[in-house]
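Visitor: Shown below is the structure under consideration.
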Amino acid sequence: MARLAEALRAAIGAIRAHLLRAALTVLGMVIGVAAVIAVVALLQGFGQSITQQFRNLGANGLVITAYLPQKAALEGKTARITPDDLLAIRQRVAGVRDVVPLLPLAQFSAEVRYGNRSSNTSVSGTTSGFPRNGARYPVQGRFVVAGDDTTRRPVAVIGQTLIKDLHLPARPEGHFIQLFGAWFKVVGVLNKVGTLVGLIDRDNLIYIPYTTAVSLSGTQTAPNIVIQLDVDNTRAIKPVEARITAVLRRQHHLLPGAEDDFKIQSAAELTKALTRALDSASLILGAIVGISLLVGGVGIMNVMLVSVTERTREIGIHKSLGATRADILLQFLLEAVLLSLLGGLVGLALGYGIGKLVVHLVPAFAGAIVPGWTIALSLGFTAAVGLVFGITPAAKAAALDPIEALRYE
Amino acid sequence: MSAAPATDAAPLLELRGIGKRYRMGETDVDALRGVDLAIARNEYVAFIGPSGSGKTTLMNIVGCLDRPSSGSYLLNGQRVADLDDNALARIRNREIGFVFQNFNLLGRADALHNVMQPLVYRGVKLRERRQLAAAALADVGLGDRLDHRPNQLSGGQRQRVAIARALVGKPSILLADEPTGNLDSTTAREIMAMFAALHRSGNTIILVTHDAEVAAHAERTVAIRDGQVISDTRRMAEEAAHGAAG
Ligand SMILES: Nc1ncnc2c1ncn2[C@@H]1O[C@H](COP(=O)(O)OP(=O)(O)OP(=O)(O)O)[C@@H](O)[C@H]1O
Ligand SMILES: [Mg+2]
Chain L
6 MARLAEALRA AIGAIRAHLL RAALTVLGMV IGVAAVIAVV ALLQGFGQSI
56 TQQFRNLGAN GLVITAYLPQ KAALEGKTAR ITPDDLLAIR QRVAGVRDVV
106 PLLPLAQFSA EVRYGNRSSN TSVSGTTSGF PRNGARYPVQ GRFVVAGDDT
156 TRRPVAVIGQ TLIKDLHLPA RPEGHFIQLF GAWFKVVGVL NKVGTLVGLI
206 DRDNLIYIPY TTAVSLSGTQ TAPNIVIQLD VDNTRAIKPV EARITAVLRR
256 QHHLLPGAED DFKIQSAAEL TKALTRALDS ASLILGAIVG ISLLVGGVGI
306 MNVMLVSVTE RTREIGIHKS LGATRADILL QFLLEAVLLS LLGGLVGLAL
356 GYGIGKLVVH LVPAFAGAIV PGWTIALSLG FTAAVGLVFG ITPAAKAAAL
406 DPIEALRYE
Chain V
165 MSAAPATDAA PLLELRGIGK RYRMGETDVD ALRGVDLAIA RNEYVAFIGP
215 SGSGKTTLMN IVGCLDRPSS GSYLLNGQRV ADLDDNALAR IRNREIGFVF
265 QNFNLLGRAD ALHNVMQPLV YRGVKLRERR QLAAAALADV GLGDRLDHRP
315 NQLSGGQRQR VAIARALVGK PSILLADEPT GNLDSTTARE IMAMFAALHR
365 SGNTIILVTH DAEVAAHAER TVAIRDGQVI SDTRRMAEEA AHGAAG
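Chains as they are written, first to last, in this note's numbering: chain L, 6 to 414; chain V, 165 to 410.
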């Protein structure tokens, strides 16, 4: 419609006529939106880097861990997934492959020595199937192989941090390191995966064969292991989970009605839960920062009120030429919304820029991600703020009496 | 416009007992007291009277910019009192062309856009607006000043932009309040000649002035004093033409 296009043109003209004022007016808006976008971008980027870890498990992956319900813990019970459980699953659960144990022997607390250097690291026992979906792979030498496992070889695959910390040669294969008082031959070096949010060095670790780890863990009690496996068919995840539950409950002699003393988690579920948590955190943080947008809205209202007063005569002229209340209302409302949206757009760009900058300066953040919904939400919100805070000045302009407006000095 | 067709029997506009009262604190000011007036299509009328007599007030009521406090006003056979704000805006847009004493041009817009503005409120498409406005400006001799803003035009040129703007929508009535008040005598003569030409080509013109010489251009003079019509004189066509020439 010609009138709408003209009102839009007039609104743009009015904003351009006072560019500096427009810029100062929307400054609050810009800062508000920029803050929202930067916060959300960093949170989402953070979430992305975490979900990446889970994705390494694969869409069909399941993780079985021991889990003690609080009631059972109070009764003095313990929960563990044992090598026997591993065997039971391998033998009695159909439709799964790569059933791989992971036996964590030490978290950052195992002393490892080479020559006269020593360092603390994490040690886990596992089998050849473990480095799943190419997330970890040897860049030198090899990973744990089946033969290592059957013969309990004292071999180690190490992360790259250890080369540095222990002053190992750049190609450390064939060199011996000392772990738990025994000698291990380095057979491979893992790819570098970096830190987790800048805190946890994921390259400071050692993998040894699972059977070797079992024998190291002592003989008095069965070790507590983690089992990873892949379900052949994504749609069969539920029945497979049910089957594993039945097998493990029998293994653990749980009476009917007793709670499971283990947890089966799928990678997809973990990822989804995490994404949901991060999304709601983003939303809540965004909403808190979004309150600052209201302050921007008040600024816009103030300037629009001033503008209406300044342009009283102009409004009178338009009315004398046949502008209706609706024409005037539309024009001032459009002006307020445009002004507000302008602030939103600049804020969007600025916020994204800030996010990028923070990512660049702080290695903890893997990347800045601005999801589509934040863009839609912040632009929608700024437009709404313009509309809400623009309505009063626009109504004031529309209600002006033509004669009095023309007579205004 | 849903107005009844104008015939000789039905004047273009008819005012009966029009009063306008302003409240000034404790006292009331009666700007108009019982004005009776009928104007037919294609008349050229001058409202004349001393300062403060109520000429502008009357013109604003005739132009549907203002509402009377009392009395009735029929425009094209329609009771203006019955109309809402939107209908009045529509009348101002389609039936009335205003030429204000102080031009009242839009300062930020150039001549072309000033003249295009009334057509916006009529929903005319951009290209057609442009053509009509350019033609109207050419008619008042400003075809080469389309992109000049008001502050880049002389007083007489501004007045002509205002006239082009008033005429671009082909209104029933042209209302001009002191159209020569701010102009030198040469420019004033040019503007008056333009009005005479407009009248000859069929326009209805109402002129507000306190200057008898300017009023002499009209074929009918309505003298106003203290908010009342004190005389209403018509002259012969040749006489009016003579007045315009002098
Ligand atoms: N808004 C108003 N409030 C109060 N009084 C008003 C208002 N407008 C006009 N008046 C009064 O009404 C009377 C008529 O005013 P009007 O402007 O119609 O006079 P005029 O004949 O046009 O005078 P001039 O030749 O000086 O323009 C004046 O006495 C004026 O003071
Ligand atoms: Mg006046």
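In this text, a Cβ means the ideal position worked out from N, Cα and C, and glycines have one as well.
So, with DSSP's three-state summary, where would you put Q265(V)?
Guide: The answer is coil: DSSP assigns Q265(V) none of H, G, I, E or B.
Visitor: Alpha carbon to alpha carbon, how far is A241(L) from Y119(L)?
Guide: Their backbone Cα atoms lie some 47 Å apart in a straight line.
Visitor: Suppose contacts are defined by Cβ-Cβ distances below 8 Å. Is R399(V) in contact with E383(V) by that definition?
Guide: It is a contact, given that the beta carbons lie within the stated cut-off.
Visitor: In the segment 269-283 of chain V, which residues sit with their C-beta less than 7 Å from some C-beta in chain L, listed in chain order?
Guide: So the close ones are L270, R272, Q281, P282.
Visitor: Short of 6 Å in beta carbon distance, which residues of its chain neighbour S395(V), apart from the five on each side in sequence? Order them along the chain.
Guide: Answer for S395(V): A387, listed in chain order.
Visitor: Which residues bound the alpha helix (DSSP H) around L324(L)?
Guide: Looking at the sequence shown, residue 324(L) is not Leu but Lys. 317-325 is the extent of the alpha helix (DSSP H) around K324(L).
Visitor: Counting C-beta neighbours from all protein chains within 10 Å, is the total for K324(L) 16 or more, i.e. buried, or is it exposed?
Guide: With 16 or more other Cβ atoms within 10 Å, it is buried.
Visitor: With respect to the alpha helix (DSSP H) encompassing I359(L), which residues constitute its N-terminal and C-terminal limits?
Guide: 330-366 is the extent of the alpha helix (DSSP H) around I359(L).
Visitor: Hey, which residues come within less than 7 Å of ligand 2, measuring from Cβ to any heavy atom, in chain order?
Guide: For ligand 2, the selected residues are K219(V), T220(V), Q265(V), D341(V), E342(V), V372(V).
Visitor: I'd like to know if R240(L) contacts chain V, where contact means its C-beta is closer than 8 Å to some C-beta of that chain.
Guide: Not one chain V Cβ lies under 8 Å of R240(L).
Visitor: Does DSSP put G66(L) in a helix, a strand or coil?
Guide: It is a strand residue.
Visitor: Beta-carbon of E319(L) versus every beta-carbon of chain B: anything under 8 Å?
Guide: Absent from the structure is chain B; the protein chains it does hold are L and V.
Visitor: Could you say which of Y72(L), V364(L), V198(L), V245(L) lies nearest to A99(L) if we only look at CA atoms?
Guide: It is V245(L).
Visitor: With 8 Å set as the bound, which would you pick, yes or no: does the beta-carbon of A328(L) sit closer than that to a beta-carbon of chain V?
Guide: Output row for A328(L): interface = yes.
Visitor: Give me, in chain order, the residues of the same chain whose beta-carbon lies closer than 8 Å to that of I408(L); leave out the 5 immediate sequence neighbours on both sides.
Guide: Here the set comprises G321.
Visitor: When Cβ atoms are compared, which residues of the segment 353-380 of chain L fall closer than 9 Å to chain V?
Guide: The segment 353-380 of chain L vs chain V, Cβ under 9 Å: nothing.
Visitor: Return no unless some Cβ of chain V is closer than 8 Å to the Cβ of L411(L).
Guide: Interface residue, yes.
Visitor: Relative to the C-alpha of L338(V), which candidate in A328(V), D375(V), T368(V) has its C-alpha closest?
Guide: Nearest option by C-alpha distance: T368(V).
Visitor: Going by DSSP, what residues sit across from F267(L) in a beta bridge?
Guide: Note: F267(L) sits in a beta bridge opposite A71(L).
Visitor: How is R244(L) classed by DSSP in three states: helix, strand or coil?
Guide: The sequence shown places Pro at residue 244(L), not Arg. In this structure, P244(L) counts as helix in the three-state DSSP scheme.
Visitor: Applying a beta-carbon distance threshold of less than 7 Å, which residues of chain L neighbour N224(V)?
Guide: The contacting residues are I408.
Visitor: Please state if the CB of S336(V) and the CB of E259(V) are separated by a distance shorter than 8 Å.
Guide: In contact: E259(V) and S336(V) (Cβ atoms closer than 8 Å).
Visitor: Between I94(L), P214(L), L253(L), G50(L), which has its C-alpha nearest D235(L)'s C-alpha?
Guide: Ranking I94(L), P214(L), L253(L), G50(L) by Cα distance to D235(L) puts I94(L) first.
Visitor: Check R309(V) in the structure and name its three-state DSSP category.
Guide: Note: R309(V) maps to coil in three-state DSSP.
Visitor: Taking 7 Å as the cut-off, is the C-beta of Y208(V) nearer than that to any heavy atom in ligand 3?
Guide: Ligands displayed in this structure: ligand 1 and ligand 2; ligand 3 is not among them.
Visitor: Could you work out which residues of chain V lie near R8(L), taking near to mean beta carbons separated by less than 8 Å?
Guide: The answer, in chain order, is V284, Y285, G287.
Visitor: So what's D248(V) in DSSP terms, helix, strand or just coil?
Guide: Looking at D248(V) - three-state DSSP - the assignment turns out to be coil, as it is neither helix nor strand.
Visitor: For chain V, check one thing: does any of its Cβ atoms lie closer than 8 Å to the Cβ of E11(L)?
Guide: Closer than 8 Å: yes.
Visitor: Taking the C-alpha atoms as reference points, what is the distance between G146(L) and I211(L)?
Guide: Rounded to whole angstroms, G146(L) to I211(L) spans 14 Å at the Cα level.
Visitor: For L48(L), collect the residues of the same chain with a Cβ closer than 8 Å to its Cβ; drop the 5 residues on either side in sequence, then sort them by chain order.
Guide: L283, A286, S287, L290, listed in sequence order.
Visitor: Could you check where the beta strand (DSSP E) with S220(L) kicks off and where it finishes?
Guide: Looking at the DSSP string, S220(L) is not in any beta strand (DSSP E); the run it does join, the alpha helix (DSSP H), is 215-221.
Visitor: Name the residue from S114(L), N125(L), R85(L) whose alpha carbon lies nearest to the alpha carbon of R106(L).
Guide: First, the residue type needs correcting, since residue 106(L) is Pro and not Arg in the sequence shown. Checked all of S114(L), N125(L), R85(L); the closest Cα to P106(L) is R85(L).
Visitor: Thinking C-beta only, is G391(L) closer than 8 Å to L346(L)?
Guide: Contact flag set, yes.
Visitor: Note down, in chain order, every chain V residue with its Cβ under 9 Å from the Cβ of I20(L).
Guide: Chain V residues near I20(L): none, gap ~12 Å exceeds 9 Å.
Visitor: Quick check: is any heavy atom of ligand 1 less than 7 Å from the C-beta of S395(V)?
Guide: False, no ligand heavy atom lies under 7 Å from that Cβ.
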